[in-house]
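Here's the structure we're looking at; comments come further down.
2 protein chains.
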Amino acid sequence: MLGLFIVILASCCTASADVSCGYHSCNLGEAEKLNVHLVPHTHDDVGWLKTVDQYYYGSNSSIVIAGVQYILDSVIPQLLSDPSKRFIYVEIAFFSRWWEEQNDAMKENVKQLVQEGRLEFILGGWCMNDEASTHYNAIIDQMTHGLRYLNDTFGACARPRVAWQIDPFGHSREQASLFAQMGFDGLFFGRLDYEDKENREKIRNMEEIWRGSQSLTSPHADLFTGVDENGYNPPDGFCFDAFCRDQPIMDNPALEDYNVEEKVDKFVAAALKQANHFQTNHIMMTMGSDFEYSNSNVWYKNLDKLIKYVNAADKNMTLFYSTPSCYLYALNHANVMWNIKKDDFFPYADAPHQYWTGYFTSRPGLKGYVRESNKYLQVMCQSHKNLQPLQVYSYDGQLSFTWIRDAMGVAQHHDAVSGTSKQHVANDYAKRLYEGFDACSVSSREECNKVISTALTGNNEQLIFCDYLNITLCDLTQSSNQFVVMVYNPLARGVSKYLRIPVKINFYLIILNKFAQQLVPVSEATLSVRRNRGSANCELVFLAKLPALGHNTFQVTKHKTSKTVSLLKTKVEKVINQDVTITNEFYKVKFDGNTGLMASIENIASGITVPVKQDMLWYNASMGNDENINSHTGAYIFRPNVSTPFQCSNGKPQLSIFKGSNLLVQEVYQKFSDWVWQVIRLYAGKKQIEVEWTVGPIPVQDKWGKEIISRYETNLETNGYFYTDSNGREILERRKDYRPTWHLNQSESVAGNYYPVNSRIYIHDNQVQLTVLNDRSQGGSSLSTGQLELMIHRRLLGEDSKGVGEALNETGQFGDGLISRGKHWLLLDTVTSSAKQHRLLAEEIYMSPLVAFQHHAPSTTHIGWKQRRYNYFFESHVTSPLPPNIHLLTLSTTTDGGYIVRVEHQFEKNEDSTLSKPATVSLKNLLTDFHVSSCEELLLGGNAFKQDVTRLNW
Amino acid sequence: MLGLFIVILASCCTASADVSCGYHSCNLGEAEKLNVHLVPHTHDDVGWLKTVDQYYYGSNSSIVIAGVQYILDSVIPQLLSDPSKRFIYVEIAFFSRWWEEQNDAMKENVKQLVQEGRLEFILGGWCMNDEASTHYNAIIDQMTHGLRYLNDTFGACARPRVAWQIDPFGHSREQASLFAQMGFDGLFFGRLDYEDKENREKIRNMEEIWRGSQSLTSPHADLFTGVDENGYNPPDGFCFDAFCRDQPIMDNPALEDYNVEEKVDKFVAAALKQANHFQTNHIMMTMGSDFEYSNSNVWYKNLDKLIKYVNAADKNMTLFYSTPSCYLYALNHANVMWNIKKDDFFPYADAPHQYWTGYFTSRPGLKGYVRESNKYLQVMCQSHKNLQPLQVYSYDGQLSFTWIRDAMGVAQHHDAVSGTSKQHVANDYAKRLYEGFDACSVSSREECNKVISTALTGNNEQLIFCDYLNITLCDLTQSSNQFVVMVYNPLARGVSKYLRIPVKINFYLIILNKFAQQLVPVSEATLSVRRNRGSANCELVFLAKLPALGHNTFQVTKHKTSKTVSLLKTKVEKVINQDVTITNEFYKVKFDGNTGLMASIENIASGITVPVKQDMLWYNASMGNDENINSHTGAYIFRPNVSTPFQCSNGKPQLSIFKGSNLLVQEVYQKFSDWVWQVIRLYAGKKQIEVEWTVGPIPVQDKWGKEIISRYETNLETNGYFYTDSNGREILERRKDYRPTWHLNQSESVAGNYYPVNSRIYIHDNQVQLTVLNDRSQGGSSLSTGQLELMIHRRLLGEDSKGVGEALNETGQFGDGLISRGKHWLLLDTVTSSAKQHRLLAEEIYMSPLVAFQHHAPSTTHIGWKQRRYNYFFESHVTSPLPPNIHLLTLSTTTDGGYIVRVEHQFEKNEDSTLSKPATVSLKNLLTDFHVSSCEELLLGGNAFKQDVTRLNW
């Protein structure tokens, strides 16, 4: 069954005999009183309205005044001056910058504070990641990046005990599972559906045990989970930040406005109200908010007074500075039987009509780029296996490969990949990822690519990356008569992949000796999207077979010839009012000439044929109405003005078809409009239907913001049920207009049924399952029986008043609207045989091969290289491929010369009769050329030996 | 000639052998470089947008976030952590609050910082007082209050060397003179006419010696005076406050937006530009602004970087933390011959059409109340002479009488008495003054008034103050058949004053045995203003003769009689189209029946008759125009939309006349409209014409803000010259459309010729002088030959964009507009005999007797009381009255049992042939019942022995 474990090949964690030192300093209050844990905290977005650097420095203040450097500057002296004070810090992306600027004396002071629990790291990720549009691989990486930084810097006592997801807009079950496996004792968050919260308050169920996995045995993925009473803010009237406007406590009777009694009474009322929602005589109050504590004296001075006067007021209540860990520890002592939760916290609405389901799709370009970047990061980490002496990557922030890890860490932030930042910040995220690609950017990009090339291929010939392959643009391949394609497969099993290389053919023939090949003319959509850039008029298509955790290279040579026609003899043909069908050995896909739409899919082997109508539609974005003028659609919120979407085609899409001469690929082209195209492909030997959508520039001259969906309608009797993945891993059952744990009053029949789709969504009846996989996170739903839809792009003119302060109106490079292109893959098969297909396909999508180019073939003298005619094949880095149910999730080195390897079973319990069974893998001989001298299991975050950690028992 | 000196009767100042310790810590820079003195400072308004208490605490943040407590909290640790850092603090009204809240350890730390010059007190007044609407008596008091607090708290080294008037809107010469006499070595300020500043920059005359007095010999009133380059702000782009939006210095090359070179270059350019305006190789930069440094780390961290990078950049420039004193000290070493200035810095314009001359009159009610309150303060101080054991007043903030001194100190602030605060803050100033009257407010007001009564009269019968005597309202006198009037004269010479006591007569006769008395019916204007409050229908008028520094009491008894008519036989008579004249032994004032206006004044003894037309007019307030849409009239700015004012009367005023039966007073009543009235009075034996104006509610239904003036037109050939006082003391010559030190481009023919009139304004030709004295500060001018005008009230609908953010639209108690009533006094005489009249009269106005009431006559058994039939007379507190040219300015005790006495010669050099001569007064026997054991001369501020202080020599 599905499970994660990780392995360390050399010691890198600070072992501590005293594993519970984090709880030692806790004040557990007084048994007979209401104990109010005041938690001073700051919530520091790793980019949102400003970039992460701007937030760190406090620059670009015309947008907002916020400077993280000053927060840490300010808090430390406050803690040093008073042992009773506490502070928690969360985002290591910020903390690490600050730490590097401190002198030794300050560092010693901070270490002392950490040791004594006065400064406590909570969560400890590089950022506080989004939970709706992140992939579990990236979550694990960003958490590891932060957690190991803390461990390396402060040792075991700094290990966060509590996960702290106070701001993300909904919470995934997989996140809880990961946290549990990282050794966290609990999780607190702030945002959940308003009805859910009201109900929980009523039934005192604000805190419970979340069962994070349906595959792992309890308590491995169980996590104590609490809802913060006030989001992550203080109770009304008690914000004492320097930028808050609540009245301070004015306790000099000689001055005007003396208000001690008033403040005490108001606080006591708030505490009693809160206590009424919770089960124990402990409550936690989050005393802070966004970027607060830059002048922490203002907070602490007033909190000191609050504590003094409330405690003196004989209200059977005791206030003290505390931390979430200490609060959790107090709860752990409370001897309460907690409720068990098995579903998740999606979707999130903070009020009727205000469903935060738009961000599941916001900024499809950025979401796609984050996925692409993960692949690069994983390849970097793997490549370093061969690069021991260069030490180009480490977890520890000192070497240049850390740029891509930092960038990916930052990109998982809940306003980054979520698509909810301001445009200039989104640009900055993308720039960081780009510069992360340029991984050795301390030197030149060229030098860097040589390093990577050496690592991957043993060949120091510079690698050339073509960033626009998806629109058939590549300077090298379209202009050069000879080049080499280098393809690296980061999976620990062999895969094959159809490559599509931009080439310009005139009187030249493309030769890939010994390989079946096909030239496909550049489509009308691509030409339109390319906007006169590039000269490639064809894509050279061929199937690259790739070894497990290794690469292959392919030399392409153009020869002068008159036989161009023969390769291109099958051209794209327009289809007028006529049904067409494409097929390979697995599927037949039929299009209706009358509608221009997909009409049916036949799975040849299974003998299943299902009528499948697929259309491209758009919802018109609400700009508010009388009932709620603020219920705009925006970067966060999805709220269609009417529930029925409009067709993107004006009438019907125009159909064309391409069937290659040698049947490597058959393609149907649909032009829905000048801004919506689709290509449906069947590749020889591939048991999946590829659907490439191209959307944009979305027109807005009609003043309607638009949200584009791809909708599939079938005759499957699904009765409102559908299935979506959780962060690309386990699958959750969804049901229209229904929540498993409370009675839903549905205020939005469309938006209120949207769920995050990170990797796949499917529907099925008793027999047949239609699965759609995607290449980036999107929102998706099934709004009527047999139907399934994914939102793929959105362009809005209004703003949803959730803080970002600008419309999600991506205008793109040319100013007229961002064009986005992506893919869906369709599987139609029996329910029982679907899992093994979508599990492996999703993995191949997520960790698809890295494609790069070189001018020249590598010299044959390199060790490990073997020349096979025109092809250069490098041995795999694994001694033998892993079985299909085992995934080599990550492989990377540590600064002290060790390795961290994460291997996971990637099938859920019972989802496949064979592959869900336990599997065994030998680590000892997993990697070639390496001898394992010792091996220890770590927590998932890589920051502690598993044997050193005992989680709290609930 | 005019001069000030002060005397101490018992030691109270910290003597210091090392009188120059304030300069010891100064960094004087490098001789060959441009030395840039960076002066971290905060400018903390003692009330403006928020009240002084709100600013201290940081409450009422919906208006603005600003909390002084946090500023001092924040700066001290910064100074402690780095000996190179400096900070200056100014407003003792704030500092003293903060100080009282600190523990001993913090106090010791602060003392150390002060001793080492790292924390330096600058100015050191209770506030940074306004210079246009303040009286010199109040300035001296508020400065003394702060300076002595510093001396008592920190000793001699804390004595401020530099006066710091960075924000007041124009600068008076008297203020410079007072500063010089307080021992200050220099003055810096920020605001001066924009043309004046441009010119000074051009000719490098930003710093000079200001000769503060035309009577005192140099250098007694000479003061080095410098103009701040940037007001009191940092150069553009270098505001590093937590609330500023300039870019911080970003010096980590690994992060985006690294800007060190950019910042260095921009700063160097700013410094070189500034240096070009100044004479030496030292310049001072004010690194701070309003309420800044609440999170001083933000400032200091970036300044540290600025200093580091500029100094490292080899720009022939050295930056260091400094203070205005150290900068001044460096200038003093520079061996420069400085220019001498003899005029003042009024009026102030910051741009064409933007004359800050409206505030000379803004809030006439508050301005009047501040004057009234000063009298009360002085009486309190004097009364304490008799109250040694009760210790009700001290300078040192511990005893209850300090309330009135605090309130008066706060009220002198440049947004308080100036009338430029928000309305709620103006209300707070007035409330403080009111509570100051209630001087022992720690106990009941009744108890307190007994204390005061005991002090003033030796009689512990409670005093009753009637706050609305000016509108003939007093519960006691109008309803009681017997009461006692207690009148205290705070001048050290005997005076007589006509009292007007509200009474209700029906069948009763009012008896004041042995005194000439007259009943004057309550005027129509007063009845209108009273709005049905009160029942008094007459004022009982009689002349109270008062001893020097002493009181008199008068028992009033009503007897039943039928002779009412005899006392009221002269009634008010309406006058229709008929000339009328009122007269006493000194003046005849004639009114023209055709115009309803004053027509001429005859000085009987001098044989001078001058046609004098007086009218009440209003300017319509500009709401901006095409040339400058922001040039609104407002609380600060006076800008009439057209230069010719409109008449308040619709046609002509309605005249009435009252001539009393026994000729104590003759009165002419003018009703200009429902909202403008005037009474012109001549009292028997009084050589002055009293003009009582009543204005309001000013109507604004026509959408015009209105500024009401009283204008006098005569035939005197004055050719544009006129004369106004400076803070109620020396007189300055003014000239229409002219400035003595630069060529004026007049953009506002009215507002640009307005000057502050604190006590008097006059015009004269070779022979004859018309002097108008007022009872509160007003703006005044002479806009054409022989003409003179004073602005007495203003109500505005627009805002002048100078920060206050609301229109000066005082709606008053009844919501329809504030009614204001006040007085002018006219003198018409030869030029040579005018000074002796206006000097003494102004003094009698400013320190007019305190009138209070008691239910019962005092018992005759009190020591010192003598019963003289119905009158109770107490001996004067001076052994003999002072000569008329000597003024007992202040008399008060110190906590250690000493006394501070200020005596001044109150005539200018040569303004009177006799009284301008030096005068001698014996302090030894000045006060009754006290023996002078020792006596030492202090600085004017009372904070150092004069012999201990040597001012810098220029």
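In order, the protein sequence lines correspond to chains A and B.
Heads up: the first sequence at position 577 corresponds to 577 in full-length UniProt numbering, and the numbers run straight through without jumps.
Heads up: the second sequence at position 73 corresponds to 73 in full-length UniProt numbering, and the numbers run straight through without jumps.
For every residue, glycine included, the Cβ atom is placed at its ideal position computed from N, Cα and C.
6 Å CB neighbourhood of residue i in its chain, flanking five on each side removed
i: Thr526/B; result: Ile471, Thr472
i: Lys497/A; result: Ala544, Pro849
Test: residue i CB closer than 7 Å to a CB of chain A
i: Leu255/B; result: yes
i: Asp396/B; result: Low per-residue confidence applies at Asp396/B: pLDDT is 36, beneath 50, and the placement is therefore not dependable, though the value from the model is reported in the following sentence. False, the Cβ-Cβ gap to chain A never drops below 7 Å.
i: Ser781/B; result: no
i: Asp674/B; result: no
i: Gly58/B; result: yes
i: Val46/B; result: no
i: Arg245/B; result: yes
i: Asp304/B; result: no
Spatial distance of residue i from residue j (CA atoms)
i: Ile340/B; j: Met206/B; result: 12 Å
i: Arg204/A; j: Cys239/A; result: 26 Å
i: Leu34/B; j: Pro253/B; result: 29 Å
i: Gln181/B; j: Leu940/B; result: 6 Å
i: Gln678/B; j: Gly593/B; result: 16 Å
i: Val831/A; j: Asp344/A; result: 24 Å
i: Tyr232/B; j: Ser325/B; result: 15 Å
i: Ser656/B; j: Glu733/B; result: 37 Å
i: Lys652/A; j: Arg639/A; result: 26 Å
i: Glu108/A; j: Thr950/A; result: 28 Å
i: Met250/B; j: Phe291/A; result: 19 Å
i: Gln666/A; j: Ile501/A; result: 17 Å
Beta-bridge pairing of residue i - partner residues as DSSP gives them
i: Gly550/A; result: Asn489/A
i: Ser673/B; result: Val676/B
Chain-order list of residues whose beta-carbon lies under 8 Å from that of residue i (same chain, five-residue window excluded)
i: Cys26/B; result: Gly117, Ser322, Thr323, Ser325, Cys326, Tyr329, Ala330
Residue i at chain B interface by Cβ criterion, 7 Å
i: Ser62/A; result: yes
i: Met285/A; result: no
i: Asp141/A; result: no
Close Cβ partners of residue i (< 7 Å) along its chain, the five nearest in sequence each way excluded
i: residue 976/A; result: Because chain A spans 1 through 954 in this model, residue 976/A falls outside it and cannot be assessed.
_Which complete beta strand (DSSP E) runs does the segment 677 to 763 of chain B hold, if anything under 3 residues is left out?_
689 to 695, 706 to 713, 721 to 725, 731 to 735, 755 to 757
*Within the segment 18 to 99 of chain A, note down every full beta strand (DSSP E) run reaching 3 residues or more, in order along the chain.*
Taking only runs of at least 3 residues, the beta strand (DSSP E) segments lying wholly in the segment 18 to 99 of chain A are 34 to 43, 87 to 89.
*Kindly provide the ranges of any alpha helix (DSSP H) runs that are 4 or more residues long and lie completely inside the segment 288 to 361 of chain A, ordered along the chain.*
296 to 312, 324 to 332
_My parser needs the alpha helix (DSSP H) runs of 4 or more residues fully inside the segment 590 to 669 of chain A; what are they?_
none
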